[in-house]
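Inspection log for the structure reproduced underneath, given as structure tokens.
Now the structure itself:
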């Protein structure tokens, strides 16, 4: 599960800005219930680093005064958290029934061919990875995809709109 | 056109801001409740309204509220379930995006009724844009004195927070949601104790869907009895329906409960019929978990009565020939859709989303997925249908939470109504990978307008 590789060996130090954000989250819960902040804090950490490395999760455990395993078991349970490095832009395409009725499978095939990498892999330039995800609650506007960490939504996808999106992100990502 | 109780002002420019929302009569329910009613009277109005939970189970909201334990000196919580994840359902996203103050207003009134001093809105993590919209709305309401200490000078204090999920369908189940809000894996709890007795942090807690809480606003403004005049029988009020799949005009519609399904599906006010001039093959009326119905059984009940969009009429005929209102996730399938492929897709979803706590669900959903995969890809056998029904029966009712039932029903109903299509995938396996079965005998009995 928690693979020990080069990326996992990189130590992590949270910035004071990030810690201030953590403190703000913790203030939402009653005294002693700071563990409730775990999911929001993992989102903040992932937004900062692009994924959740073991050293980052250990730091979160220290901050919340909980055991490391309490962070790992949560991080691996929820589908939004990445346990390995991703592309700078992760295209997450809804692959559930209603979107498939309006062509989501074709869009996923198209993205796979366009990016030239399989689901879960990163493009050689480090800019993109993609994956199918389960229902994003936008069934009337399918096919849809989202891109974190803002989780910007792209609806009614066509091959042309995917071309435009990837072109825009390439220009943005290379600057 | 029926009157809208929730979405009346949805198209007003700037309605997502406090000032415009307020200028359209927004927050009147907060003023009325906090200044002129007791918490018990608010609960009484919601009881009179007959409002039934809009998240899927349809349990009367007022009754749920009245079960809340109120021990001295123990905090009570209201948690809004905005983990909208049921395939086919996207009404809560719509409401939170375009009219967030309606939810905030409902949260204040409901929190007051329940005596909660801190309330949470648990939003699925993928809806980060909606989380930011809600946080902005909360800040605006607080700046205007509708949240925080001593609201409107009434002495009532309330803090409201938004909590993101992490991407897990199971957290729509209320006890899994509470586990998640406590920073844990979303494993549903064994009930009893029910959240009304021991919920968040072990304290008495009510969990309500976004739409249920929003509906409290018109209920308080107009009175429970007036609200109950809308709708039909025990299906009172209006309901948001998310229409998707192969309809001409997908989107979120507010309907009076009791609207004939034929009108909903074919009139231009709502879905506008089936897209691309095709015919209707099947409908999933209430989100992926409810039984799928072929077009003929969906439009008319087995007794040849027109079916209505109400809890009772959709369930008419039981599971043999009926379905459920569920969350109002309405998915239409046109003549070119493959029922086997869709059933496989849904089952993969449930397998992916099973929390893994209960063996029947953890193992059964994976098993059904494998069998459906081989049927769809031309490697099935005629005994597979009985096997699927057998596995689904062994999941149903044998799990801690309803995800097991939700995984079993789509499979059992697809085989019940579309067995010939499944068998055709076995007997004509080469053909089945190149084309779809088509519309067969379950065709939409209505004539198609060009």
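Residue numbers (this note's numbering), protein chains in the order written: chain A, 3 to 177; chain B, 160 to 609.
By construction, the Cβ of each residue, glycine as well, lies at the ideal position given by its N, Cα and C atoms.
All values derive from a computational prediction rather than experimental measurement.
Residue 225(B) versus residue 202(B): straight-line alpha-carbon distance, rounded: As a working mapping, residue 225(B) is identified with position 66 in the second chain. As a working mapping, residue 202(B) is identified with position 43 in the second chain. Here the alpha carbons of residue 202(B) and residue 225(B) stand approximately 7 Å from one another.
CB contact below 8 Å: residue 322(B) versus chain A: The sequence position of residue 322(B) within the second chain is 163, counting from 1. Yes - at least one Cβ of chain A is within 8 Å of the one on residue 322(B).
is_contact[residue 38(A), chain B] using C-beta, thresh 8 Å: Counting from one through the first chain, the residue named residue 38(A) turns up at place 36. So yes, residue 38(A) belongs to the interface.
CA-to-CA distance, residue 512(B) to residue 332(B), given in whole angstroms: Counting from 1 along the second chain, the entry for residue 332(B) is found at position 173. Counting from 1 along the second chain, the entry for residue 512(B) is found at position 353. Residue 332(B) and residue 512(B): Cα-Cα distance of roughly 12 Å.
C-alpha distance - residue 263(B) paired with residue 257(B), whole-angstrom precision: Start at 1 with the first residue of the second chain, and residue 263(B) comes out as number 104. Start at 1 with the first residue of the second chain, and residue 257(B) comes out as number 98. Counting only the Cα atoms, residue 257(B) lies some 13 Å from residue 263(B).
Buried/exposed call for residue 435(B), threshold 16 Cβ in 10 Å: As a position in the second chain, residue 435(B) is number 276, starting the count at 1. By the neighbour-count rule (16 or more Cβ atoms within 10 Å), residue 435(B) is not buried but exposed.
Segments assigned beta strand (DSSP E), at least 3 residues, entirely inside the stretch 274–316 of chain B: If we require 3 residues or more, the beta strand (DSSP E) runs fully inside the stretch 274–316 of chain B come out as 277–282.
Proximity of residue 2(A) and residue 325(B) at Cβ, strictly below 8 Å: Residue 2(A) is absent from the structure shown; chain A starts at 3 and stops at 177.
Whole-angstrom distance between residue 312(B) and residue 3(A), CA atom to CA atom: Along the first chain, one-based indexing puts residue 3(A) at 1. Along the second chain, one-based indexing puts residue 312(B) at 153. In this prediction, residue 3(A) has a pLDDT of 41, which is less than 50 and means its spatial position is unreliable; what the coordinates show is noted afterwards. Whole-angstrom Cα-Cα distance: 54 Å.
Distance between residue 494(B) and residue 61(A) (C-alpha atoms, nearest Å): Working through the first chain from its first residue, we reach residue 61(A) at position 59. Working through the second chain from its first residue, we reach residue 494(B) at position 335. Approximately 54 Å between the Cα atoms of the pair.
Contact under 8 Å by Cβ, residue 266(B) with residue 289(B): As a position in the second chain, residue 266(B) is number 107, starting the count at 1. As a position in the second chain, residue 289(B) is number 130, starting the count at 1. The Cβ atoms of residue 266(B) and residue 289(B) do not sit closer than 8 Å to each other.
Boundaries of the beta strand (DSSP E) in which residue 240(B) is found, first to last residue: Here residue 240(B) corresponds to residue number 81 of the second chain, with the count starting at 1. Unbroken beta strand (DSSP E) run through residue 240(B): 236–241.
Residue 132(A) in three-state terms, based on DSSP: Numbered from its first residue, the first chain carries residue 132(A) at position 130. Residue state, collapsed to three classes: strand.
Separation of residue 572(B) from residue 207(B), as counted between CA atoms: As a first step, residue 207(B) must be located in the second chain, where it is residue number 48. As a first step, residue 572(B) must be located in the second chain, where it is residue number 413. Answer to the nearest angstrom: the Cα atoms are 35 Å apart.
Closer than 8 Å to chain B by CB, residue 76(A): Here residue 76(A) refers to the residue found at position 74 of the first chain. At least one chain B Cβ lies under 8 Å of residue 76(A).
CB contact below 8 Å: residue 327(B) versus chain A: Walking along the second chain from the start, residue 327(B) turns up at place 168. Among the residues facing chain A, residue 327(B) is included, as its CB has a counterpart in that chain under 8 Å away.
Counted within 10 angstroms of its Cβ, other Cβ atoms place residue 127(A) as buried (16 or more) or exposed: What you label residue 127(A) is simply residue 125 of the first chain in a count that begins at 1. Burial call: exposed.
Straight-line gap, residue 359(B) to residue 368(B) (C-alpha atoms, nearest Å): Your numbering for residue 359(B) matches position 200 in the second chain. Your numbering for residue 368(B) matches position 209 in the second chain. If you take the alpha carbons of residue 359(B) and residue 368(B), they lie about 16 Å apart.
8 Å Cβ cutoff, residue 148(A) in contact with chain B: Counted from its first residue, the first chain places residue 148(A) at position 146. Residue 148(A) counts as touching chain B.
Identity of the residue in 135(A), 155(A), 99(A) nearest residue 505(B) by Cα: By 1-based counting over the second chain, the position of residue 505(B) is 346. Selected option, being the one with the closest Cα: 99(A).
is_contact[residue 99(A), chain B] using C-beta, thresh 8 Å: Along the first chain, read from residue 1 onward, the residue named residue 99(A) stands at position 97. Yes, because at least one Cβ of chain B sits closer than 8 Å to the Cβ of residue 99(A).
Given 8 Å, three or more beta-carbon pairs between the stretch 548–559 of chain B and the stretch 116–124 of chain A: No: fewer than three Cβ pairs fall under 8 Å.
CA nearest to the CA of residue 442(B), picked from 103(A), 172(A), 145(A), 122(A): For the purposes of this step, residue 442(B) is taken as the residue at position 283 of the second chain. Considering only 103(A), 172(A), 145(A), 122(A), the residue with the shortest C-alpha distance to residue 442(B) is 103(A).
Residue 343(B) at chain A interface by Cβ criterion, 8 Å: On the second chain, residue 343(B) is found 184 positions in, with the first residue counted as 1. Chain A contact via Cβ: present.
Proximal chain B residues relative to residue 42(A), where beta-carbon distance stays under 8 Å: Within the first chain, residue 42(A) is the residue found at index 40, counting from 1. Those within 8 Å of residue 42(A) in chain B are 322, 323.
Outcome for residue 166(B) when other beta-carbon atoms lying within 10 angstroms are tallied against a minimum of 16: Counting from one through the second chain, the residue named residue 166(B) turns up at place 7. That one is buried.
Cβ-based neighbour list, residue 470(B), same chain, cut-off 6 Å, excluding 5 preceding and 5 following: Along the second chain, one-based indexing puts residue 470(B) at 311. Within the same chain, 217, 394, 484 come within 6 Å of residue 470(B) by CB-CB distance, once the 5 residues on both sides are set aside.
Straight-line Cα distance separating residue 410(B) from residue 455(B): Within the second chain, the letter at position 296 stands for residue 455(B). Within the second chain, the letter at position 251 stands for residue 410(B). Cα-Cα distance, rounded: 23 Å.
Beta strand (DSSP E) segment containing residue 156(A), residue limits: The sequence position of residue 156(A) within the first chain is 154, counting from 1. Note, residue 156(A): beta strand (DSSP E), 154–156.
Exposure label - residue 140(A); buried when at least 16 CB within 10 Å: For the purposes of this step, residue 140(A) is taken as residue 138 along the first chain, with counting starting at 1. Counting every other CB atom within 10 Å of its CB across the protein chains shown gives residue 140(A) a total of 16 or more, marking it as buried.
Among 33(A), 58(A), 40(A), nearest to residue 11(A) - alpha-carbon criterion: Working through the first chain from its first residue, we reach residue 11(A) at position 9. Out of 33(A), 58(A), 40(A), 58(A) has the C-alpha closest to the C-alpha of residue 11(A).
Closer than 8 Å to chain B by CB, residue 160(A): As a working mapping, residue 160(A) is identified with position 158 in the first chain. With 8 Å as the cut-off, residue 160(A) does not count as an interface residue toward chain B.
Reduced DSSP secondary structure (H/G/I, E/B, other) of residue 501(B): Here residue 501(B) is taken as the residue at index 342 of the second chain, counted from 1. In this structure, residue 501(B) counts as helix in the three-state DSSP scheme.
Beta carbon proximity, residue 609(B) to chain A, threshold 8 Å: Mapped onto the second chain, residue 609(B) falls at position 450. Reliability fails at residue 609(B), whose pLDDT of 39 lies under 50, so the model's placement of it is uncertain and the value that follows must be treated cautiously. For residue 609(B), the answer is no, since every Cβ of chain A falls outside 8 Å of its Cβ.
Chain E within 8 Å of residue 243(B), Cβ atoms only: This model lacks chain E altogether, as its protein chains are A and B.
Reference residue 561(B), options 245(B), 174(B), 176(B), closest by Cα: For this step, residue 561(B) is matched to residue 402 along the second chain. Of the residues 245(B), 174(B), 176(B), the one whose Cα lies closest to the Cα of residue 561(B) is 245(B).
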